[in-house]
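Under my numbering, residues 76 to 524 are what the sequence shown spells out, in order.
Here the structure is laid out as structure tokens; the discussion comes afterwards.
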Amino acid sequence: MRIRALAALTATALATLLPAGTTRADTTPGDQPLPGYSIQNPPLAPVQVHGAPSRVMQGVYRHAAYDIEVPPHWNGRLAMFAHGYAGQGKVLAVGPPPFGLRQRMLDQGYAWAASSYYDNGYDVRAGVVGTRDLADLFAAKVGRPRQRIIVGASMGGHIVGRSIEQYPGYYAGALPMCGVLGDDALFDYFLDYNVVAQDLSGIREYPVTAGYQTTTVPKIEQALGLTGLTPGGPDTTNARGKQFRSILIGRTGGARPGAEQAFAYWKDFPFTLATPPAPGATLAEDPGQLATNRFTRYTPNTPVDVNGTVQRVPVANPAARLSHRLSQVPLIDGRPNVPVLSLHGLGDMFVPFSMEEAYAAETARNHRSGLLVQRAVRTVQHCEFSDAEAGAAWDDLIRWIGTGRRPAGDVTTKPSVVARPDYGCRFSDPAAYAAGTGTRRLFPPCPAR
Numbered sequence: 076m077r078i079r080a081l082a083a084l085t086a087t088a089l090a091t092l093l094p095a096g097t098t099r100a101d102t103t104p105g106d107q108p109l110p111g112y113s114i115q116n117p118p119l120a121p122v123q124v125h126g127a128p129s130r131v132m133q134g135v136y137r138h139a140a141y142d143i144e145v146p147p148h149w150n151g152r153l154a155m156f157a158h159g160y161a162g163q164g165k166v167l168a169v170g171p172p173p174f175g176l177r178q179r180m181l182d183q184g185y186a187w188a189a190s191s192y193y194d195n196g197y198d199v200r201a202g203v204v205g206t207r208d209l210a211d212l213f214a215a216k217v218g219r220p221r222q223r224i225i226v227g228a229s230m231g232g233h234i235v236g237r238s239i240e241q242y243p244g245y246y247a248g249a250l251p252m253c254g255v256l257g258d259d260a261l262f263d264y265f266l267d268y269n270v271v272a273q274d275l276s277g278i279r280e281y282p283v284t285a286g287y288q289t290t291t292v293p294k295i296e297q298a299l300g301l302t303g304l305t306p307g308g309p310d311t312t313n314a315r316g317k318q319f320r321s322i323l324i325g326r327t328g329g330a331r332p333g334a335e336q337a338f339a340y341w342k343d344f345p346f347t348l349a350t351p352p353a354p355g356a357t358l359a360e361d362p363g364q365l366a367t368n369r370f371t372r373y374t375p376n377t378p379v380d381v382n383g384t385v386q387r388v389p390v391a392n393p394a395a396r397l398s399h400r401l402s403q404v405p406l407i408d409g410r411p412n413v414p415v416l417s418l419h420g421l422g423d424m425f426v427p428f429s430m431e432e433a434y435a436a437e438t439a440r441n442h443r444s445g446l447l448v449q450r451a452v453r454t455v456q457h458c459e460f461s462d463a464e465a466g467a468a469w470d471d472l473i474r475w476i477g478t479g480r481r482p483a484g485d486v487t488t489k490p491s492v493v494a495r496p497d498y499g500c501r502f503s504d505p506a507a508y509a510a511g512t513g514t515r516r517l518f519p520p521c522p523a524r
């Protein structure tokens with residue numbers, strides 16, 4: 076349960092909450108990236124919109140690259156796109172909305188704009204502020220929009236969730252896709268994966284060392300019977316491996332269609348997210364400093380009493396975890412003030428489906444459930460949506476904003492519903508399944524509609 080009281084902050088802790096580049100920005104011209112960064116933003120070719128070309132504008136504003144695109148017959152509305160995690164590199168990049176949304180928005184008369192943000196890493200603050208700054212720049216360059224909608228994917232979903240709470244009334248609606256709507260719970264999960272695997276295998280190494288990936292992880296996987304496990308292949312797990320899989324399915328959204336296949340698909344990746352601690356790293360460089368399992372109860376707790384034997388890890392940066400400030404990894408309180416329609420892959424175990432369950436629970440506690448519609452898609456890869464799935468979500472969101480009629484969605488907070496064999500079928504693209512696209516066939520076919 077998240078503690079809402081703000082702990083007393085030392086001067087050192089306060090410094091960790093400042094955005095990367097705060098002091099450097101004072102001496103760097105706004106049309107240049109911050110020191111150490113470069114920008115990669117090649118010319119974006121206009122597209123045809125009902126027979127006429129769009130108008131594209133690109134540049135650098137407040138240390139971030141941007142793209143703006145306006146249809147020939149602009150309807151006065153603006154969609155802001157927030158991109159996801161871009162790694163820890165020093166090249167800033169920006170791109171248009173994915174999943175066919177760029178053309179769809181323009182065809183419907185919407186302009187769109189997207190920022191690279193001034194910083195890479197897991198810096199939600201840079202995304203929240205950079206997206207708002209760009210929306211204001213759009214007003215100066217093109218005209219003040221009569222409505223703004225914010226769309227984001229992955230970390231961009233975290234940016235979306237915080238943006239609508241940070242700037243109440245500024246955006247008219249929100250479309251987070253595969254989003255980190257559970258904020259620091261994501262990093263708790265990454266911690267869970269590694270310490271639980273270590274506990275069940277009897278091979279402990281936390282904090283991890285430089286040889287963890289190459290030496291320790293193969294031993295852990297062999298001890299649990301994970302080495303030869305593949306999606307669709309035989310179940311190679313032993314009793315402890317099965318317990319590990321069951322615990323992780325529970326931590327990523329509970330029993331649900333395709334969960335065991337998804338685990339086999341993702342089994343190696345969460346180990347790569349455990350890296351040796353870097354002294355002095357910011358939250359954006361090391362969001363794992365927010366993670367803890369001090370009070371986590373794991374289930375099933377047999378054959379091994381994991382709750383009694385697992386290594387308990389305290390929060391390395393408690394001040395940042397408790398803060399309600401707009402930090403690099405800020406809280407989302409679950410207080411939407413505008414319609415929110417979210418999409419999430421049911422088998423995603425990078426940013427797992429449990430993010431949706433956490434956000435739904437928080438909005439319910441705050442009596443805001445009427446402003447949230449969630450949709451499960453039967454895919455396993457991260458952010459694996461078809462144009463039809465994303466397009467239907469966009470269309471339904473703008474119709475909701477315009478008419479006030481709440482569209483249909485999936486229930487995410489009732490385990491018995493999520494566990495049904497046909498869960499996720501309602502909003503999954505049957506054409507993508509029929510074509511065998513991506514990971515669709517890791518799920519059994521849905522009943523005929």
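C-beta atoms are modelled at their ideal positions from N, C-alpha and C, and glycine is treated no differently.
Computed from a predicted model, the values in this text were never measured in an experiment.
Exercise. Distance, Cα to Cα, R130 vs G277?
Worked result: 60 Å
Exercise. From what residue to what residue does the beta strand (DSSP E) around H419 run?
Worked result: V415 to G420
Exercise. By how many angstroms is the C-alpha of G363 removed from the C-alpha of A140?
Worked result: 28 Å
For this session: Return helix, strand or coil for D274, following the three-state DSSP convention.
Result: helix
For this session: May I ask which residues mark the beginning and end of the alpha helix (DSSP H) holding V203?
Result: V199 to K216
Exercise. So who's on the other strand from D142, going by DSSP bridges?
Worked result: Q133 and A189
Exercise. From the DSSP output, which residues share a beta bridge with M252?
Worked result: A228 and L418
Exercise. Cα separation between H457 and L181?
Worked result: 26 Å
Exercise. So what does M155 bridge to, in DSSP terms?
Worked result: A188 and I225
Problem set entry | Range covered by the beta strand (DSSP E) that runs through V321 | As written in the sequence, residue 321 is Ser, which differs from the Val given in the question. Careful: S321 lies outside any beta strand (DSSP E), inside the alpha helix (DSSP H) at A314 to R326.
Problem set entry | Top-ranked residue by Cα proximity to L266, from V388, P411 and E459 | V388
Exercise. Opposite Q115 in the DSSP bridges: which residues?
Worked result: A168
For this session: To the nearest angstrom, report how far apart D504 and G227 are at their CA atoms.
Result: 20 Å
Problem set entry | Outcome for V452 when other beta-carbon atoms lying within 10 angstroms are tallied against a minimum of 16 | buried
For this session: Pick helix, strand or coil for Q288, following the three-state DSSP scheme.
Result: helix
Problem set entry | Own chain partners of P352 with C-beta closer than 6 Å, once the 5 adjacent residues on each side are dropped | P282
For this session: Any chance you could list the alpha helix (DSSP H) runs of at least 4 consecutive residues sitting entirely within the region 424 to 499, in chain order?
Result: 429 to 440, 462 to 478 and 490 to 493
Exercise. Does the Cβ of T312 have 16 or more other Cβ atoms within 10 Å, making it buried, or fewer, making it exposed?
Worked result: buried
For this session: On the DSSP bridge assignment, give the partners of Q123 in chain order.
Result: P128
For this session: Using 10 angstroms around the beta-carbon of P251, count the other beta-carbons present and answer buried if the total reaches 16, otherwise exposed.
Result: buried
Exercise. The alpha helix (DSSP H) with Q178 in it runs from where to where?
Worked result: L176 to D182
Exercise. Hey, would you say P121 sits closer than 9 Å to D142, going by beta carbons?
Worked result: no
For this session: For the alpha helix (DSSP H) containing Q107, list its first residue and its last residue.
Result: Taken as a continuous stretch (DSSP letters only), Q107 belongs to no alpha helix (DSSP H), as it is neither H nor E.
For this session: Report the option in A314, Y160 and Y287 whose CA atom is closest to the CA atom of V426.
Result: Y160
Problem set entry | Inter-stretch contact at 8 Å, needing at least 3 Cβ pairs: the region 428 to 446 / the region 244 to 261 | yes
Exercise. If you follow the alpha helix (DSSP H) that Y526 is part of, which residue opens it and which one closes it?
Worked result: One cannot answer for residue 526 here, as it falls past the ends of the chain, which runs 76 to 524.
For this session: Tell me, to the nearest whole angstrom, how far the beta carbon of G484 is from that of Q449; I am working on the premise that it is less than 8 Å.
Result: 5 Å
For this session: Kindly list the residues whose CB is nearer than 7 Å to the CB of G316, restricted to its own chain and excluding five residues on each side of it in sequence; keep chain order.
Result: L299, G300 and L301
Problem set entry | Top-ranked residue by Cα proximity to F562, from N150, T367, A168 and S461 | This structure cannot speak to residue 562, because the chain is shown only from 76 to 524.
Problem set entry | Minimum C-alpha distance to T487 - residue among I473, G420 and Y508 | G420
For this session: For the region 212 to 225 and the region 145 to 152, state whether three or more C-beta atom pairs, one from each stretch, are separated by less than 8 Å.
Result: yes
Exercise. For P520, is the classification buried or exposed, using 16 other Cβ atoms within 10 angstroms of its Cβ as the cut-off for buried?
Worked result: exposed
Exercise. Given 8 Å as the limit, is there contact between the region 231 to 241 and the region 400 to 419, that is, 3 or more CB pairs closer than that?
Worked result: yes
Exercise. Between the Cα of Y246 and the Cα atoms of T305, G355 and I473, which residue gives the shortest distance?
Worked result: I473
Exercise. Is Y268 helix, strand or coil when you go by DSSP?
Worked result: helix
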